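Visitor: Dumping the structure here so I can ask a few things about it.
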Amino acid sequence: MNFLSPPNDNKVLAFGIGTAGSRILSYLANNNMFIDNYVYISCDKQDLEFASNIEKIFLDIGAMGNRTPSYIRGATQIYMKEVRRMLNGTRLVFLITGLGGCTGSGLAPLISKIAKEEGVLTINIVITPFGFEKSKHFYTGIALKNIKKNSDAVIIVDNDMISSINPQMSISEFYTIINEKISIALSGIIESSGELNVGMNKLIDTIINHGYSVLSIGTSSSINKAEEATVRATKSIYNVGEPEEVKKVILHLIGDKNITTNEIVTSTSRLNTMLGMGSLEVYQGCNVNSGDTMTAILIVSGFENTKFDNYDPIDKALHNNQIDPDMDCSIDSELFELVQME
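In the numbering used here, the protein residues as written are 10 to 351.
Below, the structure written as structure tokens:
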């Protein structure tokens with residue numbers, strides 16, 4: 010099935026929301042992906058410095074110190090007409106953001122809802138906080154639940170999962186590398202060039218209507234580096250969801266030009282022993298470079314729940330019964346500014 014029309018028929022749009030989303034989008038914009046427009050949107054002007062000759066929306070909400078996701082949603086309602094305008098004529102939109110902070114956790118669910126109302130195929134790529142960032146977990150759980158409700162697909166990138174590649178890395182270096190790795194992973198899968206392509210349509214087929222998806226990355230420089238990199242990427246998924254739930258997988262290998270067909274076959278076989286119930290549908294992709302390290306990029310789909318569902322204790326207590334199913338919004342206003350209607 011062709012999920013997307015030919016180029017230039019209907020546009021593909023990507024939003025980078027907040028700091029993490031803006032930085033990842035800046036990497037993607039340099040890779041000539043099959044995306045027509047890139048839009049940066051943030052409450053912080055510094056995030057918009059990553060954009061050059063690209064559309065940007067600065068959400069000027071003042072210097073309020075006590076921000077919350079609901080406050081961000083309420084204060085930015087006046088900018089949503091511009092978001093709707095940008096979505097006009099769009100067939101597919103990627104929303105890229107980090108969760109846990111107020112900007113990403115506030116705006117990603119709101120923009121997802123707007124895109125859904127506009128009839129746009131909506132894919133959210135969310136970066137979740139470290140396990141030690143306890144203060145961000147509640148906002149992450151609430152936002153992720155609302156994002157899933159208003160999206161056609163959600164791809165989770167867990168900071169803890171990616172950081173296991175090199176746990177001794179400094180935190181500042183980590184954030185730089187993680188943003189680059191995510192962009193390399195996405196562009197490697199989506200781009201139309203390469204020896205063995207995955208492409209946009211196979212990506213959409215893998216993640217649409219198959220629960221949560223998870224993006225994982227593994228690396229290796231050993232003799233059996235393709236298989237080992239694949240195993241490392243697969244094992245890290247165990248910390249996010251139940252491996253038996255996986256239904257579809259994209260395996261994209263990036264390594265030296267000597268990669269063989271047997272290495273791809275062996276890596277795929279290992280996937281079938283570690284994920285799903287023995288009936289995985291796997292799409293393979295491959296790009297070569299001049300390095301000696303093999304990188305395995307996995308996107309797996311089919312998770313009904315993830316560890317992030319435990320981040321919302323209210324939802325667990327209510328057993329998925331919500332008091333108010335709509336997203337909250339709030340703004341600060343003095344009483345004398347209100348007009349009483351009689």
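Note that the Cβ used here is the ideal one computed from N, Cα and C, for glycine as well. Given the structure is predicted, the values throughout are model-derived calculations rather than measurements.
Answer yes if the region 186 to 196 comes into contact with the region 36 to 48, meaning at least three C-beta pairs across the two stretches below 8 Å, and no otherwise.
Guide: Output reads yes: the region 186 to 196 touches the region 36 to 48.
Visitor: Which word fits THR131, buried or exposed, when buried means at least 16 other C-beta atoms lie within 10 angstroms of its C-beta?
Guide: Along the sequence shown, one-based indexing puts residue 131 at 122. THR131 comes out buried.
Visitor: Assuming SER245 contacts ILE165 under a Cβ cut-off of 8 Å, what Cβ separation, rounded to an integer in Å, is found between them?
Guide: Locating residue 245 in the sequence shown gives position 236, where the first residue counts as 1. Locating residue 165 in the sequence shown gives position 156, where the first residue counts as 1. In fact, because the Cβ distance is near 12 Å, the residues do not count as touching under 8 Å.
Visitor: To the nearest angstrom, how far is the alpha carbon of THR77 from that of ILE306?
Guide: Walking along the sequence shown from the start, residue 77 turns up at place 68. Walking along the sequence shown from the start, residue 306 turns up at place 297. Those two C-alpha atoms are separated by around 34 Å.
Visitor: Would you call the CB atoms of GLY285 and LYS256 closer than 8 Å?
Guide: Here the question's residue 285 lines up with position 276 in the sequence shown. Here the question's residue 256 lines up with position 247 in the sequence shown. A contact, by the Cβ cut-off of 8 Å.
Visitor: Would you please state the rounded distance, in angstroms, between the beta carbons of THR106 and GLY220? I believe it to be under 8 Å.
Guide: In the sequence shown, the residue the question calls residue 106 occupies position 97. In the sequence shown, the residue the question calls residue 220 occupies position 211. Between GLY220 and THR106 the Cβ distance is about 20 Å, and since that is not below 8 Å, they are no contact.
Visitor: Residues in its own chain within less than 6 Å of GLY311 by CB, not counting five upstream and five downstream?
Guide: Working through the sequence shown from its first residue, we reach residue 311 at position 302. Here the set comprises HIS219, GLY220, GLU254, VAL255 and LYS256.
Visitor: Please classify ASN314 as buried or exposed, where buried requires at least 16 other C-beta atoms within 10 Å of its C-beta.
Guide: In the sequence shown, counting from the first residue as 1, residue 314 sits at position 305. ASN314 is exposed by the Cβ-count criterion.
Visitor: So, with DSSP's three-state summary, where would you put CYS295?
Guide: Position 286 of the sequence shown, counted from the first residue, corresponds to residue 295. In this structure, CYS295 counts as strand in the three-state DSSP scheme.
Visitor: So, under 8 Å CB-CB, LEU289 and VAL249 are touching, yes? Tell me the CB distance rounded to an integer number of Å.
Guide: Working through the sequence shown from its first residue, we reach residue 289 at position 280. Working through the sequence shown from its first residue, we reach residue 249 at position 240. Not a contact, Cβ separation roughly 17 Å.
Visitor: Look up LYS247 in the DSSP assignment and say whether it is helix, strand or coil.
Guide: The count along the sequence shown starts at 1 and reaches residue 247 at position 238. First, the residue type needs correcting, since residue 247 is Tyr and not Lys in the sequence shown. Here TYR247 sits in coil by DSSP.
Visitor: Check this for me: beta carbons of GLU64 and VAL48, under 8 Å apart or not?
Guide: For the purposes of this step, residue 64 is taken as residue 55 along the sequence shown, with counting starting at 1. For the purposes of this step, residue 48 is taken as residue 39 along the sequence shown, with counting starting at 1. Contact: yes.
Visitor: What is the DSSP secondary structure of SER121, reduced to helix, strand or coil?
Guide: To locate residue 121, count along the sequence shown from 1; it is residue 112. Helix.
Visitor: Using the Cα positions of LYS266 and ASN298, report the straight-line distance between them to the nearest angstrom.
Guide: Taking the first residue of the sequence shown as position 1, residue 266 is located at position 257. Taking the first residue of the sequence shown as position 1, residue 298 is located at position 289. Their Cα atoms are separated by approximately 7 Å.
Visitor: Round the Cβ separation of LYS294 and ASN233 to the nearest angstrom and send it over; I've been treating them as touching at under 8 Å.
Guide: Your numbering for residue 294 matches position 285 in the sequence shown. Your numbering for residue 233 matches position 224 in the sequence shown. The sequence as given places Gly at residue 294; Lys does not occur at that position. 19 Å between Cβ atoms; not a contact.
Visitor: Taking just the CA atoms, how far does LEU262 sit from THR269?
Guide: What you label residue 269 is simply residue 260 of the sequence shown in a count that begins at 1. What you label residue 262 is simply residue 253 of the sequence shown in a count that begins at 1. Answer to the nearest angstrom: the Cα atoms are 11 Å apart.
Visitor: Can you name the start and end residues of the alpha helix (DSSP H) that ALA152 belongs to?
Guide: Reading the sequence shown from its first residue, position 143 is the one you call residue 152. 146 to 158 is the extent of the alpha helix (DSSP H) around ALA152.
Visitor: Give the range of the beta strand (DSSP E) segment to which ASN46 is assigned.
Guide: Here the question's residue 46 lines up with position 37 in the sequence shown. Unbroken beta strand (DSSP E) run through ASN46: 46 to 51.
Visitor: In its own chain, which residues sit with a C-beta less than 6 Å from the C-beta of LEU101, not counting the 5 before and 5 after it?
Guide: As a position in the sequence shown, residue 101 is number 92, starting the count at 1. VAL21 and LEU130.
Visitor: Is LEU307 helix, strand or coil when you go by DSSP?
Guide: Along the sequence shown, read from residue 1 onward, the residue named residue 307 stands at position 298. It is a strand residue.
Visitor: Measure the C-alpha to C-alpha separation of ASN242 and ASN133 and round it to an integer number of angstroms.
Guide: Taking the sequence shown and counting its residues from 1, the one referred to as residue 242 is at position 233. Taking the sequence shown and counting its residues from 1, the one referred to as residue 133 is at position 124. Per the sequence shown, the amino acid found at residue 242 is Ala instead of Asn. Roughly 21 Å between the two C-alpha positions.
Visitor: Return helix, strand or coil for LYS234, following the three-state DSSP convention.
Guide: Here residue 234 refers to the residue found at position 225 when the sequence shown is read from its first residue. Helix.
Visitor: Rounded to whole angstroms, what is the Cα-Cα separation between GLU251 and GLY71?
Guide: Locating residue 251 in the sequence shown gives position 242, where the first residue counts as 1. Locating residue 71 in the sequence shown gives position 62, where the first residue counts as 1. C-alpha separation (whole angstroms): 43 Å.
Visitor: Between which two residues does the alpha helix (DSSP H) containing LEU212 stretch?
Guide: As a position in the sequence shown, residue 212 is number 203, starting the count at 1. Start and end: 208 to 216.
Visitor: From this set, VAL309, ASP301 and ASN168, which residue's C-alpha is nearest THR185's C-alpha?
Guide: Indexing the sequence shown from 1 puts residue 185 at position 176. Among VAL309, ASP301 and ASN168, the Cα nearest to that of THR185 belongs to ASN168.
Visitor: Which residues in the same chain as ILE4 place their Cβ atom closer than 7 Å to its Cβ, once the five residues preceding and following it in sequence are excluded?
Guide: The shown model of the chain, from 10 to 351, leaves out residue 4, and the question about it has no answer.
Visitor: Please say whether GLU272 and GLU236 have beta carbons closer to each other than 8 Å?
Guide: For the purposes of this step, residue 236 is taken as the residue at position 227 of the sequence shown. For the purposes of this step, residue 272 is taken as the residue at position 263 of the sequence shown. Closer than 8 Å, so yes.
Visitor: To the nearest angstrom, report how far apart SER79 and LYS145 are at their CA atoms.
Guide: For the purposes of this step, residue 79 is identified with residue 70 of the sequence shown, where counting begins at 1. For the purposes of this step, residue 145 is identified with residue 136 of the sequence shown, where counting begins at 1. Cα-Cα distance, rounded: 14 Å.
Visitor: From the DSSP output, read off the bridge partner residues of GLU64.
Guide: Numbered from 1 along the sequence shown, position 55 holds the residue referred to as residue 64. In the DSSP output, where bridge partners are listed per residue, GLU64 has VAL48.
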